[in-house]
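Asks:
There are 2 protein chains.
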Amino acid sequence: MGDTDVTVVGAGISGLTAAWRLAQAGRRVTVLEGNDRVGGRTLNHRFASGEVAEIGGQWVGPTQDRILGLLGELNLDTFATWNQGNNLTLFGGRLKPYRGTIPKFAAHVLLDIGQAQWRLDRLAQQIDLDDPSRHPKAPLWDSMTFAEWIRRQVKTAQARTVFDLASAAVFAAKPHDLSFLHVLFYIKSGTNLDTLLGVDKGAQQDRIVGGSQRICEELTLRLGSAVRLAQPVRALKQTRDHVELITDQGSHRAKRVIFAVPPTMVLRITQEPLLPGWRDQLLQRLPQGAVIKCMAMYETPFWRERGLSGQATSEVGPVRLTFDNSVPGSRKGVLMGFIEGDEARQWSSRNEGQRQAEVLRCFARYYGDHALQPLEYVDKCWADEAFARGCYAALFPPGVWGNGAARLRDPCGRLHFAGTETATRWMGYFDGAVQAAERAAAEVLALT
Amino acid sequence: MGDTDVTVVGAGISGLTAAWRLAQAGRRVTVLEGNDRVGGRTLNHRFASGEVAEIGGQWVGPTQDRILGLLGELNLDTFATWNQGNNLTLFGGRLKPYRGTIPKFAAHVLLDIGQAQWRLDRLAQQIDLDDPSRHPKAPLWDSMTFAEWIRRQVKTAQARTVFDLASAAVFAAKPHDLSFLHVLFYIKSGTNLDTLLGVDKGAQQDRIVGGSQRICEELTLRLGSAVRLAQPVRALKQTRDHVELITDQGSHRAKRVIFAVPPTMVLRITQEPLLPGWRDQLLQRLPQGAVIKCMAMYETPFWRERGLSGQATSEVGPVRLTFDNSVPGSRKGVLMGFIEGDEARQWSSRNEGQRQAEVLRCFARYYGDHALQPLEYVDKCWADEAFARGCYAALFPPGVWGNGAARLRDPCGRLHFAGTETATRWMGYFDGAVQAAERAAAEVLALT
Chain D
1 MGDTDVTVVG AGISGLTAAW RLAQAGRRVT VLEGNDRVGG RTLNHRFASG
51 EVAEIGGQWV GPTQDRILGL LGELNLDTFA TWNQGNNLTL FGGRLKPYRG
101 TIPKFAAHVL LDIGQAQWRL DRLAQQIDLD DPSRHPKAPL WDSMTFAEWI
151 RRQVKTAQAR TVFDLASAAV FAAKPHDLSF LHVLFYIKSG TNLDTLLGVD
201 KGAQQDRIVG GSQRICEELT LRLGSAVRLA QPVRALKQTR DHVELITDQG
251 SHRAKRVIFA VPPTMVLRIT QEPLLPGWRD QLLQRLPQGA VIKCMAMYET
301 PFWRERGLSG QATSEVGPVR LTFDNSVPGS RKGVLMGFIE GDEARQWSSR
351 NEGQRQAEVL RCFARYYGDH ALQPLEYVDK CWADEAFARG CYAALFPPGV
401 WGNGAARLRD PCGRLHFAGT ETATRWMGYF DGAVQAAERA AAEVLALT
Chain S
1 MGDTDVTVVG AGISGLTAAW RLAQAGRRVT VLEGNDRVGG RTLNHRFASG
51 EVAEIGGQWV GPTQDRILGL LGELNLDTFA TWNQGNNLTL FGGRLKPYRG
101 TIPKFAAHVL LDIGQAQWRL DRLAQQIDLD DPSRHPKAPL WDSMTFAEWI
151 RRQVKTAQAR TVFDLASAAV FAAKPHDLSF LHVLFYIKSG TNLDTLLGVD
201 KGAQQDRIVG GSQRICEELT LRLGSAVRLA QPVRALKQTR DHVELITDQG
251 SHRAKRVIFA VPPTMVLRIT QEPLLPGWRD QLLQRLPQGA VIKCMAMYET
301 PFWRERGLSG QATSEVGPVR LTFDNSVPGS RKGVLMGFIE GDEARQWSSR
351 NEGQRQAEVL RCFARYYGDH ALQPLEYVDK CWADEAFARG CYAALFPPGV
401 WGNGAARLRD PCGRLHFAGT ETATRWMGYF DGAVQAAERA AAEVLALT
């Protein structure tokens, strides 16, 4: 039985940052985490040979000032994502090298891609990040899927496939899962499309020494015993002057609560009084993206010897995107691949052996048969994770932004809402998690 | 602590029907209901003067053979929905009388409506109700919203408004909330568009004497002490040979469990082992529709004296649809109205006084100032209902049917799934609730 000023639900980046800001301001804080680890949607994997690479979220990049600031405070260093050599594309059955973000295509395809990208960026810049529904065209844009926009505005099959891949890479979802308005919001939230998709100067530019889960581990060191693991919050009661939270282990009392979990997880906590109908319905309409992140370790990063970067994009699944996720200071090579959206849900029901075989087949398609013989293989299906139930973040289908989704971040009595889904800048990213945390902490500080 | 062959979660039509079929076959059954009443999404309201009318689901109609059969078994009678006199439309600021389903419009608007209806019905008939994703065009149809289809295929503003109203009436949702594939599925599931929308020969043809909640009350009489109220299931554990269910009141053990609750409610039960990732994600992607059902009682059904049926359709909200919901044998008149979709979520956060004033203003717009002075007013916001969190049923946004939604009705170990959302015929209606119940009961009977 604890009694604190503020209880934070969720020990991911957002929850722990909120807790730390409150602790720095002298408030008594408790963080209740359902899992037996901190990190939320970040998770380090330690290979048998000792190297650490991420099986959850991992990247930071320019314009992500809040997470970069936090890394500085925590004395965490970054290093550049491996980005030397040629990338590969597999389109029309042919493997081709390229450099940069967009594969080599025929001129008319490149023009098609370029025009669509220009239009997306131009429309995105018109969005009010505080509430995208304020745009005069929001009713139209929020009533169509991104798939529909692609069908209308992108003429060539190859360019369409590129936008499908971009959707997978950015949202862990298919274009049909997304409101077009949300896509515009997300592009502006993450600066522009080049920044979202890029490695150098983009959202995939840098990695964190020791793995991104260290952010949460460092915050936890500073918060000490305030962080309680394996305490899933099952129920809460709001009274006039406090909130009581019931976990599997006991009960905690706080003046205010900050939720720092994906929207769908808030629904799963029995609340008294009930959440208002509109808020429950809003949370119902924000499902998580779906991704299986896969890594194979090899004796060496053998693709580098052939002048390859380890980055591939492909119209053949289930692994359509790969990266070189090797660890600096190690001679070993790590290939990383993503299975996303519909395919992630399909492959989540296969057993691990089937998944490993198929992922390695995909790696071999890009990097040769040597990829079939890793030292070690690991994957993680984030839909199976008890307290995330999907990654990277919540998706906004048509009709959600236009019906009050900006109110997601409004407090509800003594309940406040953090988590990257409540961010206006870099929603869905570490940076958004920090922005949301600092906004929620400031709300609470003003009130307690 | 109970110990039964089968525990059913949810005492709506589907759950109680499943339980009764199992009891009839000699199985020991328990029904656990979270609420302090049976009925699920049906709910009778008793006015001060004693008349009973429904503040939840209420209608049955032709081709709904399963619910009509059940009514026969339970000795429940039906009566015709009041459908005499002129209907009213309010379009372009003008109130006009009409008969039948479609208001009087200019010829080119009627042609526009007729052609769109013809196309919808024709496409719907091609759908495989067992799995709409089998249609060759399913990837296209499931990647667009119904709003997008209307924008492309319906040319006149008035005809578009008619389809907006049809979407509200049938789904309690806006066209942008719905996958076009789901709309086609739903039309075929409910026979055709005329049947879905119609009163005579349609889904609104008949009402149940004593109110539709009597279906559940009669089933409960037959099941006796097997039905346990105020027992919300919070957690369950599946082991090799049984399932343990934990409610606020205690624990129950069963060989098999049938869920007969909306998909979003399944998510809120803590499960051990966790539901598979694909199933959790599927449930996340099935939010409930939103409706506030409103009734006002008057000394007489005064609109009838003016030759009006009490049915209105309007492009002005929040009440865009009304019905005469008077009770046979009473001299009183009851007007009933629906607030649906986006507007239901908006109005759910207003207080009851504001809602009453606005609803009566809408009634007055159609039926004159006399409507401002009811004897009694009542409304119910179904998003606020703890164990439904929305009505009429779950919505299928783009990308859900195409990514395995037909598996919603697959068992998961010892868990089976009923509820109208798992029906193939008349999904979302009482009839679908019965079909799903009988299918789930048959599954369990074959195994226990």
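As you go down the protein sequences, you meet chains D and S in turn. Mapping to full-length UniProt numbering: the first sequence position 347 is 347, numbers consecutive. Mapping to full-length UniProt numbering: the second sequence position 170 is 170, numbers consecutive. No residue lacks a Cβ here, since even glycine has one placed at the ideal position from N, Cα and C.
Identify every residue that forms a DSSP beta bridge with residue 443 of chain D.
Replies: None; residue 443 of chain D has no bridge partner.
Asks: Just the chain D side, please: which residues come within less than 8 Å of residue 267 of chain S by C-beta, in chain order?
Replies: By Cβ distance, chain D contributes 264, 267 and 268.
Asks: By Cβ distance below 6 Å, which residues in the same chain neighbour residue 491 of chain S in space, the five residues on each side in sequence not counted?
Replies: Residue 491 of chain S is absent from the model: chain S starts at 1 and stops at 448.
Asks: When Cβ atoms are compared, which residues of the region 137-155 of chain S fall closer than 7 Å to chain D?
Replies: Cβ contacts with chain D come from 142, 143, 144, 145, 147 and 148.
Asks: Spell out the partners DSSP gives residue 245 of chain S in its beta bridges.
Replies: Residue 245 of chain S is bridged to S:236 and S:252.
Asks: Cutting at 6 Å between CB atoms, please list the residues of its own chain near residue 230 of chain D, excluding the five before and the five after it.
Replies: Only 36 meet the Cβ criterion.
Asks: Report the option in D:67, D:146 and D:128 whose CA atom is closest to the CA atom of residue 424 of chain D.
Replies: Cα-wise, what sits closest to residue 424 of chain D is D:128.
Asks: For the beta strand (DSSP E) holding residue 338 of chain S, just list the boundary residues, first then last.
Replies: Residues 333-340.
Asks: Using a Cβ-Cβ distance cut-off of 9 Å, determine whether residue 386 of chain S contacts chain D.
Replies: Chain D, which has a Cβ nearer than 9 Å to the Cβ of residue 386 of chain S, makes this yes.
Asks: How would you write the range of the beta strand (DSSP E) that residue 376 of chain S sits in, first residue to last?
Replies: 376-381 is the span of the beta strand (DSSP E), which, as asked, contains residue 376 of chain S.
Asks: Quick one, which residues of the region 94-106 of chain D are near chain S if we go by CB-CB under 7 Å, in chain order?
Replies: Cβ contacts with chain S come from no residue of the region 94-106 of chain D.
Asks: Going by C-alpha to C-alpha distance, which of S:414, S:327, S:351 and S:140 sits closest to residue 240 of chain S?
Replies: When each option's Cα is compared against that of residue 240 of chain S, the closest is S:414.
Asks: Are residue 314 of chain S and residue 320 of chain S close, meaning C-beta to C-beta below 9 Å?
Replies: Against a cut-off of 9 Å, the Cβ pair of residue 320 of chain S and residue 314 of chain S comes out as a contact.
Asks: Name the two residues that bound the continuous beta strand (DSSP E) containing residue 292 of chain S.
Replies: Unbroken beta strand (DSSP E) run through residue 292 of chain S: 291-298.
Asks: Tell me whether residue 185 of chain D is buried or exposed, calling it buried when 16 or more other Cβ atoms sit within 10 Å of its Cβ.
Replies: Result: buried.
Asks: Three-state secondary structure (DSSP) at residue 188 of chain S?
Replies: Of the three classes helix, strand and coil, the one that applies to residue 188 of chain S here is helix, per DSSP.
Asks: Verify whether the separation of the beta carbon atoms of residue 419 of chain S and residue 433 of chain S is less than 9 Å.
Replies: Their beta carbons are under 9 Å apart, which means residue 419 of chain S touches residue 433 of chain S by this criterion.
Asks: Beta-carbon within less than 7 Å of residue 234 of chain D's beta-carbon, same chain only, minus the 5 sequence neighbours each way: which residues are those?
Replies: Around residue 234 of chain D: 246, 247, 248, 269 and 270.
Asks: Whole angstroms is fine: what's the gap from residue 403 of chain S's alpha carbon to residue 118 of chain S's?
Replies: So the two alpha carbons sit approximately 28 Å from each other.
Asks: Taking Cβ positions, are residue 49 of chain S and residue 332 of chain S nearer each other than 9 Å?
Replies: Taking 9 Å as the Cβ cut-off, residue 49 of chain S and residue 332 of chain S qualify as a contacting pair.
Asks: Going along chain D in order, which residues have a C-beta closer than 8 Å to the C-beta of residue 274 of chain S?
Replies: Simply 384 and 386.
Asks: Tell me the DSSP secondary structure of residue 127 of chain S in three-state form.
Replies: Of the three classes helix, strand and coil, the one that applies to residue 127 of chain S here is coil, per DSSP.
Asks: As a quick exercise: from S:242, S:279, S:102 and S:156, pick the residue whose alpha carbon is nearest that of residue 196 of chain S.
Replies: Comparing Cα positions, the closest option is S:102.
Asks: So, for residue 356 of chain D: in the same chain, excluding its five sequence neighbours on each side, which residues have a beta-carbon less than 6 Å away from its beta-carbon?
Replies: Answer for residue 356 of chain D: 377, listed in chain order.
Asks: Determine, using beta carbons only, whether residue 22 of chain D comes closer than 9 Å to chain S.
Replies: Not an interface residue.
Asks: Rounded C-beta distance between residue 311 of chain S and residue 323 of chain S? I'm assuming under 8 Å.
Replies: Going by Cβ atoms, the distance from residue 311 of chain S to residue 323 of chain S rounds to 6 Å, so yes, they are a contact pair.
Asks: How is the beta strand (DSSP E) around residue 15 of chain D delimited, first residue to last?
Replies: Where residue 15 of chain D is concerned, there is no enclosing beta strand (DSSP E), although the alpha helix (DSSP H) it sits in stretches over 13-24.
Asks: Under the DSSP definition of a beta bridge, which residues are partnered with residue 424 of chain S?
Replies: Answer by DSSP bridge pairing: none, since residue 424 of chain S is not bridged.
Asks: Residue 169 of chain D: which of D:339, D:52 and D:98 sits nearest, CA to CA?
Replies: Closest by alpha carbon: D:339.
Asks: What is the DSSP secondary structure of residue 373 of chain S, counted as helix, strand or coil?
Replies: Here residue 373 of chain S sits in coil by DSSP.
Asks: What are the start and end residues of each continuous alpha helix (DSSP H) run of 4 or more residues lying completely inside the region 60-120 of chain S, in chain order?
Replies: As far as the region 60-120 of chain S is concerned, its whole alpha helix (DSSP H) runs of at least 4 residues are 65-73.
Asks: For a test of the three-state rule: what should DSSP assign to residue 9 of chain D, helix, strand or coil?
Replies: DSSP places residue 9 of chain D in strand when its eight states are reduced to three.
Asks: Counting only runs of 3+ residues fully inside the region 154-232 of chain D, write out the beta strand (DSSP E) ranges in chain order.
Replies: The region 154-232 of chain D contains these whole beta strand (DSSP E) runs: 206-208.
Asks: Give the interface partners of residue 164 of chain S over in chain D, defined as CB-CB distance under 8 Å, in chain order.
Replies: Under the 8 Å cutoff, chain D gives no residues; its nearest Cβ is about 11 Å from residue 164 of chain S.
Asks: Would you list the one or two residues that DSSP bridges to residue 415 of chain D?
Replies: Residue 415 of chain D pairs with D:257 and D:412.
Asks: If you pair each beta-carbon of the region 89-102 of chain D with each one of the region 213-224 of chain D, do three or more pairs fall below 8 Å?
Replies: They do not touch, by the three-pair rule.
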